[in-house]
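Asks: Chains as they are written, first to last, in this note's numbering: chain A, 663 to 925; chain B, -16 to 231.
Where is the CB? At the ideal position from N, CA and C, for every residue including glycine.
The structure presented is a predicted model; accordingly, all values stated were derived computationally and were not measured.
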């Protein structure tokens, strides 16, 4: 479903993603883990056609990301790390907007919107402006929206960040159901290791732009001789706290700081 | 087509829902109309130039239009800041259609704003000489709107955050307005001022509006429309190109 070969992204000479390759099979729940600034979001942006890779190739659902962008875009749904709803529109209007952009015929669109808003418990609030929604409600709406065009692959960039346990559970139950029912491939990132351990059939850990290990949670634990994925993660990526380097400029500053320190 | 329509509709809904923006942006034209319009009225008449309100009103309408148009274009930065832009960028639609939809939406909003200001000018004493030509005035307003929405989009495509916004408003919108012949007749302006104004697209917009509404133009309506259309097309192309290059 997802095939990545020698993917690299440089920001002003610094490698945010450094020559990574991996495959995700159809119907897999795949966790993409790593400390802050490891290259997770940059990778997702390249997989979803928002960023052009410096080097390397990506195939999504069999389509080449650099050549068949529209086919690629039809194949996936995404929930971004930060909200991406229009606050000045209602929940319904946000869904409609998405449905029209993805060219879903009106009748099917209406029906699916009703079904999806029902599942995420927002049907009763469909005509409220999104700016009146809480963080959890917005996240649920984004999930519903991302699924409206029945994507083959669903990307979730920290989907449960800042949500209460009830909402987290509900969201995961739904994602799991989706995965089983439609064989939707799930590609997600998270900092909650318990979530990854419980949900993911396969895990990849990325650090400093490189994938350092791949496999099931039990393989990762066995390899590091630890009892939980959290311990395994820390033993693999070290104990230092990472600074968030969201832009190339931040990475450059970090790079300079490191050099100064070494002098 | 539906892509363009839904983006257009979104702009209209946002405009309609932000009443404070509608009323807020009426403040400046009203202030200019009253202070300048009444303040300069007798001086202008004594100089044998006729009624200043009639001279000034087309310029004020044009000013309200470009303000709203650039603002609609620049709104792209908000969309980027608040994330909504990503939703449109990962959708399987061409970026060109997105730009067209946004620009048409922004332009429609700006024309609506221009119509409101037109009605206000009637209250302070503006008397268009030829009512039958009002639809033509709408076309001119639309051309100006497209031009400046596309300009706003082009600028916003290259900006990453809101910091540049105030700069654009101060160094683009205000000079465009003051150097457009909206406030004084260009015929008698010093050469330097006149030459700068000749390079300002809004000059031709104001001139066209004045020609249609009051019957006194400077360049001739054909020249005005030709220049406005050419520049709108050009900016739309530049805007689309810059927008297509956006990476997040």
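For residue 105/B, which option in 45/B, 95/B and 36/B has the closest C-alpha, if you only look at C-alpha atoms?
Replies: Of the listed residues, the one whose Cα sits closest to residue 105/B is 36/B.
Asks: Run the CB neighbour count on residue 3/B, radius 10 Å, all protein chains shown included, and call it buried at 16 or more, exposed below.
Replies: Residue 3/B comes out exposed.
Asks: Report, in whole angstroms, the separation of the C-beta atoms of residue 720/A and residue 792/A, which I expect to be a contact under 8 Å.
Replies: That belief does not hold up - the Cβ atoms of residue 720/A and residue 792/A are roughly 32 Å apart, past 8 Å.
Asks: Per DSSP, which one or two residues make a beta bridge with residue 670/A?
Replies: Partner(s): 717/A.
Asks: In the DSSP assignment, find the unbroken beta strand (DSSP E) run with residue 677/A in it and report its ends.
Replies: Residues 676 to 686.
Asks: Check whether the region 739 to 758 of chain A touches the region 80 to 97 of chain B, taking contact to mean three or more Cβ pairs, one atom from each stretch, closer than 8 Å.
Replies: They do not touch, by the three-pair rule.
Asks: Could you name the residues of chain B that residue 744/A contacts, counting a contact when the two beta carbons are closer than 8 Å?
Replies: Result: 66.
Asks: Residues of chain A with a CB under 9 Å from the CB of residue 76/B: which are they?
Replies: Here the neighbours are 732, 735, 763, 764 and 765.
Asks: Return the CA-CA distance between residue 895/A and residue 805/A, expressed in angstroms with no decimal places.
Replies: Looking at the two C-alpha atoms, the distance is approximately 27 Å.
Asks: Measure the alpha-carbon distance for residue 902/A versus residue 49/B and round it to whole angstroms.
Replies: Going from the Cα of residue 902/A to the Cα of residue 49/B covers about 52 Å.
Asks: Could you tell me which of 758/A, 685/A and 728/A sits nearest to residue 775/A, measuring between CA atoms?
Replies: The residue with the shortest Cα to Cα distance from residue 775/A is 758/A.
Asks: Can you tell which of 34/B, 222/B and 32/B has the C-alpha that lies nearest to the C-alpha of residue 129/B?
Replies: Among 34/B, 222/B and 32/B, the Cα nearest to that of residue 129/B is on 222/B.
Asks: According to DSSP, residue 864/A sits in a beta bridge with which residue or residues?
Replies: Partner(s): 692/A.
Asks: In chain order, what residues of the same chain lie with their CB nearer than 6 Å to the CB of residue 855/A, ignoring the 5 residues before and after it?
Replies: 891, 892 and 895, listed in sequence order.
Asks: How far does the alpha helix (DSSP H) with residue 240/B in it extend, from its first residue to its last?
Replies: This structure gives no information on residue 240/B, because the portion of chain B shown stretches from -16 to 231.
Asks: Within its chain, find whatever has a CB closer than 7 Å to the CB of residue 837/A; leave out the 5 residues flanking it on each side and keep chain order.
Replies: 848, listed in sequence order.
Asks: Mind listing the chain B neighbours of residue 784/A? Cutoff is C-beta to C-beta under 7 Å, in chain order.
Replies: Ordered by position in chain B, no residue passes the 7 Å Cβ test against residue 784/A, which lies about 17 Å from the chain.
Asks: Please return the same chain residues whose Cβ sits closer than 7 Å to the Cβ of residue 137/B, not counting the five positions on each side in sequence.
Replies: Counting only Cβ-Cβ distances below 7 Å, and skipping sequence neighbours, we find 218, 221, 222 and 225.
Asks: Would you kindly work out how many angstroms separate the C-alpha atoms of residue 92/B and residue 0/B, rounded to a whole number?
Replies: Rounded to the nearest angstrom, the two C-alpha atoms are 12 Å apart.
Asks: Based on DSSP bridge pairs, tell me the residues matched to residue 741/A.
Replies: BP columns for residue 741/A point to 818/A.
Asks: Figure out for me which residue from 812/A, 842/A and 722/A has the closest Cα to the Cα of residue 684/A.
Replies: Among 812/A, 842/A and 722/A, the Cα nearest to that of residue 684/A is on 722/A.
Asks: Using the rule of at least 16 other Cβ atoms within 10 Å of the residue's Cβ for burial, across every protein chain shown, is residue 67/B buried or exposed?
Replies: Classification of residue 67/B: buried, given that the 10 Å Cβ count is 16 or more.
Asks: Compute the beta-carbon to beta-carbon distance between residue 736/A and residue 231/B, rounded to the nearest angstrom, for a pair I have assumed lies under 8 Å.
Replies: Going by Cβ atoms, the distance from residue 736/A to residue 231/B rounds to 19 Å, so no, they are not a contact pair.
Asks: Cα separation between residue 777/A and residue 834/A?
Replies: The alpha-carbon atoms of residue 777/A and residue 834/A are separated by roughly 18 Å.
Asks: With residue 206/B as the anchor, note down where its alpha helix (DSSP H) starts and where it stops.
Replies: Start and end: 204 to 227.
Asks: As a quick exercise: from 183/B, -10/B and -12/B, pick the residue whose alpha carbon is nearest that of residue 215/B.
Replies: Here the closest residue by C-alpha is 183/B.
Asks: Determine which residues share a DSSP beta bridge with residue 847/A and list them.
Replies: Answer by DSSP bridge pairing, in chain order: 815/A.
Asks: Hey, residue 879/A and residue 866/A: beta-carbon distance below 8 Å or not?
Replies: Against a cut-off of 8 Å, the Cβ pair of residue 866/A and residue 879/A comes out as no contact.
Asks: Can you name, in chain order, every residue of its own chain whose Cβ lies under 8 Å from the Cβ of residue 94/B, other than the five neighbours on each side?
Replies: Excluding positions up to five away in sequence, the list reads 48, 121, 124, 125 and 128.
Asks: Confirm, please, whether the CB-CB distance from residue 747/A to residue 788/A is below 8 Å.
Replies: No, these two residues do not count as a Cβ contact at 8 Å.
Asks: When Cβ atoms are compared, which residues of the region 188 to 216 of chain B fall closer than 7 Å to chain A?
Replies: So nothing in the stretch comes that close.
Asks: Taking Cβ positions, are residue 671/A and residue 713/A nearer each other than 8 Å?
Replies: Yes, Cβ-Cβ distance for residue 671/A and residue 713/A is below 8 Å.
Asks: List in chain order: all unbroken alpha helix (DSSP H) runs of 4+ residues lying wholly within the region -10 to 78 of chain B.
Replies: Fully enclosed alpha helix (DSSP H) runs of 4 or longer: 2 to 7, 10 to 15, 22 to 29, 35 to 64 and 67 to 72.
Asks: By the DSSP assignment, the alpha helix (DSSP H) with residue 872/A in it spans what residues?
Replies: First-last for residue 872/A: 872 to 877, but that is the beta strand (DSSP E), not the alpha helix (DSSP H).
Asks: Look up residue 726/A in the DSSP assignment and give the residues it is bridged to.
Replies: Its beta-bridge partners are 721/A.
Asks: Would you list the one or two residues that DSSP bridges to residue 664/A?
Replies: Bridge partners of residue 664/A: 686/A and 722/A.
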